[in-house]
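A.B. asks:
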Amino acid sequence: MSNQSDDMPPGEAIAAAIRHLQGVDLPAADRQDAIAGAARAVAAVDRAARKLLRWDAVARPDAELMRDFAAAEGADAGRR
Amino acid sequence: MPGGAELRDLTLVEAAAAIRDGDVTSEAVTRACLDEIERVAPALNCFIRVDGETALERAAACDRARRAGRPLGALHGVPLAHKDMFYRGGAVVSCGSRILADFRPAENSVLLARLEEAGALNLGALHMAEFAMSPMGYNAHLGHGRNPWNPAHVSGGSSSGSGAATAARLVFGALGSDTGGSVRMPAAICGVTGLKPTQGRLPLGGAMPLAPSLDCAGFLARSAADITCLMGAATGDGEMFDAIAAGRPSGSGGIVVAVPDLDAADGPMTEEIRSIVRHAADDLRAAGAVLRPVPMPDLAELGLIANVILGSEAASIHRPWLESRPGDYGRQVRRRIERGLLYPATRYIDALRLRGPLLADFLARYLDSGAAALLLPVLPEPVPAIEETTAGSETEIEERFGSFSYWTRAINYLGLPSLALPAGFTGNGLPTGIQLVGRPLSEPLLLRIGRQFQEVTDWHRRKPRL
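Protein chains in written order, with the working numbering: chain A, 23 to 102; chain B, 17 to 482.
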């Protein structure tokens, strides 16, 4: 696959990788929009990560995160 | 005994009280709803299935229980119906799809079980966007949901049937789900009240997953008071919800609501919507709130980051079907889920890791120093006609979808609760709404503000002519 993809247009190469790794055929008509949309969203993650993400920050279960923030609010309210 | 129309015009709270007090029977209320469903639901395309016979049997049992003096739940004998993604043991739960057209789960969802424990009836399965994947209520297999205020317009999505059936007075309330705005958008579009709770506040066991890190079950009903009752039943904290949501602010200070600079250019918002949000801020002040100006939040980046989570998680769930049954998806839905196959796992994990710091930043900027809620619009523009939402290329349609959920999607990423309230009508005669975004687990307080807002406005009492 890698030898062939050097000569492929990017959309086709990515579709080949998706077929290989995910087992799904990305229809030709969808490829450019899919790549452009994914690239826009990934870029937003990268911008935020450069500003805010410490290397030792870990993803936490949502409910746990929300309880922590609510508890912090409660503690603040108690101080006020 | 009041006639069918009068019964259906009762709010959920009023209907529950009337049934509990023996002023009306559950059977009469249920029959009134079923008669109206038969008359108007086909034109609105809001029900996928009506379970009339079972509902009437259950209503009769509720009436017998009341006469026998048995303990009655908060929703005793009240007819509801729910988005077709909450499992009902033995019944088909299609999730608006062709792929699950024969799916019969073995057990009830936790939420349906809790509502039934509180005495609620279930009139059937409501229309939804295929796999909850459209903000407009579009469904390639079932056809469009249609708006009770004008059937040529969308009913919103993805809880399209929940919005339309509640607005048309076919049910007293409905469960929906909200992964990027799918409770708040149909609520605003159909002119009803909708609550997206804090991430994880309501249990999702036995409900279709779309993107579990963003998914929330929520309620659509006619008023904040009605939703208070539903949340009490769904959480088992009815007394707490009633006590806080019905309370009045103590002392001389009202509840503080942060109001963004509506003249700022950030974010899509037509002049008409801007004016309605301004009026809503005035109404909040009239209801006793203290308004605090804040900058307009930039939700664009948060919305893009939400896309990474939504896409990755949805693609993980759907990948086996994308591989084996790609032709059974509607084209728009398949295109949007496929995108998730392209996100690198590193960025998906980064998006989850960023959630804590971005939430802390958002709370500090907009909901700090005692502000209980942030006022935002739900929709960027007036409710579109159905034909407007299908015009143009696939790319243009998707861009429009992204813009349409601009004000809601980022709130799911942050996991915050948000209450959508009817706030007026645009020039095309269709409703629109505001949302009050709160701090984590502050639903009762949001409902209190909503109730006070609805004491000085009557948008939630308006009803479509059908």
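C-beta atoms are modelled at their ideal positions from N, C-alpha and C, and glycine is treated no differently.
How about the stretch 27 to 45 of chain B and the stretch 195 to 206 of chain B: do they share at least three Cβ pairs that are nearer than 8 Å?
C.D. replies: no
A.B. asks: Using 10 angstroms around the beta-carbon of residue 91(B), count the other beta-carbons present and answer buried if the total reaches 16, otherwise exposed.
C.D. replies: As a working note, residue 91(B) is residue 75 in the second sequence. Per the 10 Å Cβ criterion, buried.
A.B. asks: Does any C-beta atom of chain B lie closer than 8 Å to the C-beta of residue 45(A)?
C.D. replies: Start at 1 with the first residue of the first sequence, and residue 45(A) comes out as number 23. Yes, residue 45(A) counts as interfacial toward chain B.
A.B. asks: Where does residue 161(A) land, buried or exposed, given buried means 16+ other C-beta within 10 angstroms?
C.D. replies: This structure does not reach residue 161(A), given that chain A is present from 23 up to 102, and the question cannot be answered.
A.B. asks: Could one say the Cβ of residue 33(A) lies closer than 8 Å to chain B's Cβ atoms, at least one of them?
C.D. replies: The residue given as residue 33(A) occupies position 11 in the first sequence. So no, residue 33(A) is outside the interface.
A.B. asks: Please name the residue or residues paired with residue 308(B) in a DSSP beta bridge.
C.D. replies: The residue you call residue 308(B) lines up with position 292 of the second sequence. Answer by DSSP bridge pairing, in chain order: 274(B).
A.B. asks: Looking at C-alpha atoms only, which residue of 151(B), 178(B), 373(B) and 276(B) is the closest neighbour of residue 413(B)?
C.D. replies: Taking the second sequence and counting its residues from 1, the one referred to as residue 413(B) is at position 397. Checked all of 151(B), 178(B), 373(B) and 276(B); the closest Cα to residue 413(B) is 151(B).
A.B. asks: Cβ atoms of residue 446(B) and residue 163(B): under 8 Å apart, would you say?
C.D. replies: In the second sequence, residue 163(B) corresponds to position 147, counting from 1. In the second sequence, residue 446(B) corresponds to position 430, counting from 1. The answer is yes: Cβ separation under 8 Å.
A.B. asks: For the stretch 271 to 286 of chain B against the stretch 371 to 391 of chain B, do three or more pairs of beta-carbon atoms, one drawn from each stretch, fall closer than 8 Å, so that the two count as touching?
C.D. replies: Counting C-beta pairs closer than 8 Å gives three or more between the stretch 271 to 286 of chain B and the stretch 371 to 391 of chain B, which meets the contact rule.
A.B. asks: Can you list the residues of chain B that residue 71(A) reaches, using a CB-CB cut of under 7 Å?
C.D. replies: For the purposes of this step, residue 71(A) is taken as residue 49 along the first sequence, with counting starting at 1. Near residue 71(A) (Cβ distances below 7 Å), the residues of chain B are 366 and 370.
A.B. asks: Can you grab the Cα-Cα spacing for the pair residue 130(B) / residue 138(B), in whole Å?
C.D. replies: Along the second sequence, read from residue 1 onward, the residue named residue 130(B) stands at position 114. Along the second sequence, read from residue 1 onward, the residue named residue 138(B) stands at position 122. C-alpha separation (whole angstroms): 12 Å.
A.B. asks: Would the stretch 211 to 219 of chain B count as touching the stretch 68 to 82 of chain B if we require 3 or more Cβ pairs under 8 Å?
C.D. replies: no
A.B. asks: By how many angstroms is the C-alpha of residue 147(B) removed from the C-alpha of residue 486(B)?
C.D. replies: A query on residue 486(B) cannot be resolved here, the shown segment of chain B reaching from 17 to 482 and no further.
A.B. asks: At which residues does the alpha helix (DSSP H) containing residue 99(B) begin and terminate?
C.D. replies: Position 83 of the second sequence, counted from the start, is the residue given in the question as residue 99(B). First-last for residue 99(B): 95 to 99, but that is the beta strand (DSSP E), not the alpha helix (DSSP H).
A.B. asks: Just tell me which of 80(B), 47(B), 184(B) and 55(B) has its CA closest to the CA of residue 68(B).
C.D. replies: Locating residue 68(B) in the second sequence gives position 52, counting from the first residue. Comparing Cα-Cα distances from residue 68(B) to each of 80(B), 47(B), 184(B) and 55(B), the minimum goes to 47(B).
A.B. asks: Please determine, among 293(B), 134(B) and 107(B), the residue with the shortest C-alpha to C-alpha distance to residue 123(B).
C.D. replies: Taking the second sequence and counting its residues from 1, the one referred to as residue 123(B) is at position 107. Of the listed residues, the one whose Cα sits closest to residue 123(B) is 107(B).
A.B. asks: Is it the case that the Cβ atoms of residue 261(B) and residue 467(B) are separated by a distance below 8 Å?
C.D. replies: Here the question's residue 261(B) lines up with position 245 in the second sequence. Here the question's residue 467(B) lines up with position 451 in the second sequence. Going by C-beta atoms, residue 261(B) is nearer than 8 Å to residue 467(B).
A.B. asks: Taking C-alpha atoms, which residue in 380(B), 182(B), 454(B) and 416(B) lies nearest to residue 432(B)?
C.D. replies: For this step, residue 432(B) is matched to residue 416 along the second sequence. Checking every option, the nearest Cα to that of residue 432(B) belongs to 454(B).
A.B. asks: Determine whether the beta carbon atoms of residue 115(B) and residue 308(B) lie at a separation below 8 Å.
C.D. replies: The residue given as residue 115(B) occupies position 99 in the second sequence. The residue given as residue 308(B) occupies position 292 in the second sequence. Not closer than 8 Å, so no.
A.B. asks: Using a 10 Å radius around the Cβ and a threshold of 16 neighbouring Cβ atoms, would you call residue 298(B) buried or exposed?
C.D. replies: The count along the second sequence starts at 1 and reaches residue 298(B) at position 282. Exposed: under 16 other Cβ atoms inside 10 Å.
A.B. asks: Would you say residue 411(B) reaches chain A, if we count a Cβ-Cβ gap shorter than 8 Å as a contact?
C.D. replies: As a working note, residue 411(B) is residue 395 in the second sequence. It does: the Cβ of residue 411(B) has a partner Cβ on chain A nearer than 8 Å.
A.B. asks: Per DSSP, what kind of secondary structure is residue 141(B) in: helix, strand or coil?
C.D. replies: Sequence index remark: in the second sequence, residue 141(B) carries index 125 (1-based). It is a strand residue.
A.B. asks: Buried or exposed: where does residue 83(A) fall if 16 or more other Cβ atoms within 10 Å of its Cβ makes it buried?
C.D. replies: Position 61 of the first sequence, counted from the first residue, corresponds to residue 83(A). It counts as exposed.
A.B. asks: Whose Cβ in chain A lies nearer than 8 Å to the Cβ of residue 321(B)?
C.D. replies: Taking the second sequence and counting its residues from 1, the one referred to as residue 321(B) is at position 305. Around residue 321(B), the beta-carbon contacts reaching into chain A at under 8 Å are 63, 66, 67 and 70.
A.B. asks: Tell me which residue opens and which closes the beta strand (DSSP E) that residue 209(B) is part of.
C.D. replies: Locating residue 209(B) in the second sequence gives position 193, where the first residue counts as 1. That run of the beta strand (DSSP E) goes 209 to 212.
A.B. asks: Please list the partners that residue 38(A) has in chain B, where partner means a Cβ-to-Cβ separation under 8 Å.
C.D. replies: One-based indexing of the first sequence puts residue 38(A) at position 16. Within chain B, no residue comes near residue 38(A); the closest Cβ sits about 13 Å away, beyond 8 Å.
A.B. asks: Buried or exposed: which applies to residue 76(A), given that a residue is buried once 16 or more other Cβ atoms fall within 10 Å of its Cβ?
C.D. replies: If you number the first sequence from 1, residue 76(A) lands on position 54. Exposed, because fewer than 16 other Cβ atoms sit within 10 Å of the Cβ of residue 76(A).
A.B. asks: Determine the contact status of residue 179(B) and residue 171(B), defining contact as a CB-CB distance below 8 Å.
C.D. replies: Translated into positions along the second sequence, residue 179(B) becomes position 163. Translated into positions along the second sequence, residue 171(B) becomes position 155. It is a contact, given that the beta carbons lie within the stated cut-off.
A.B. asks: Straight-line CA distance for residue 351(B) to residue 229(B)?
C.D. replies: Locating residue 351(B) in the second sequence gives position 335, where the first residue counts as 1. Locating residue 229(B) in the second sequence gives position 213, where the first residue counts as 1. Approximately 21 Å, taken between the alpha carbons.
A.B. asks: Which residue marks the beginning of the alpha helix (DSSP H) containing residue 436(B), and which one marks its end?
C.D. replies: Locating residue 436(B) in the second sequence gives position 420, counting from the first residue. That residue, residue 436(B), is in no alpha helix (DSSP H); its beta strand (DSSP E) goes 434 to 441.
A.B. asks: With respect to 7 Å, is the separation between the Cβ of residue 343(B) and the closest non-hydrogen atom of the ligand PLP below this value?
C.D. replies: As for the ligand PLP, it is missing from this structure, which has no ligand bound.
A.B. asks: Residue 182(B) versus chain A: which residues are under 7 Å apart at the beta carbon?
C.D. replies: Mapped onto the second sequence, residue 182(B) falls at position 166. Simply none; closest approach about 27 Å.
A.B. asks: To test your reading of the DSSP string, which unbroken alpha helix (DSSP H) runs of 4 or more residues are found completely within the stretch 45 to 102 of chain B?
C.D. replies: Taking only runs of at least 4 residues, the alpha helix (DSSP H) segments lying wholly in the stretch 45 to 102 of chain B are 68 to 83.
A.B. asks: Strictly under 8 Å for the Cβ-Cβ distance: is residue 30(A) near chain B by that measure?
C.D. replies: Taking the first sequence and counting its residues from 1, the one referred to as residue 30(A) is at position 8. No, because no Cβ of chain B sits closer than 8 Å to the Cβ of residue 30(A).
A.B. asks: Could you tell me which residues DSSP pairs with residue 193(B) in its beta bridges?
C.D. replies: Position 177 of the second sequence, counting from 1, holds the residue named residue 193(B). Answer by DSSP bridge pairing, in chain order: 233(B).
A.B. asks: Return the Cβ separation of residue 79(A) and residue 373(B) in integer angstroms, given the expectation that the two are a contact with Cβ distance under 8 Å.
C.D. replies: Position 57 of the first sequence, counting from 1, holds the residue named residue 79(A). Position 357 of the second sequence, counting from 1, holds the residue named residue 373(B). 7 Å between Cβ atoms; contact.
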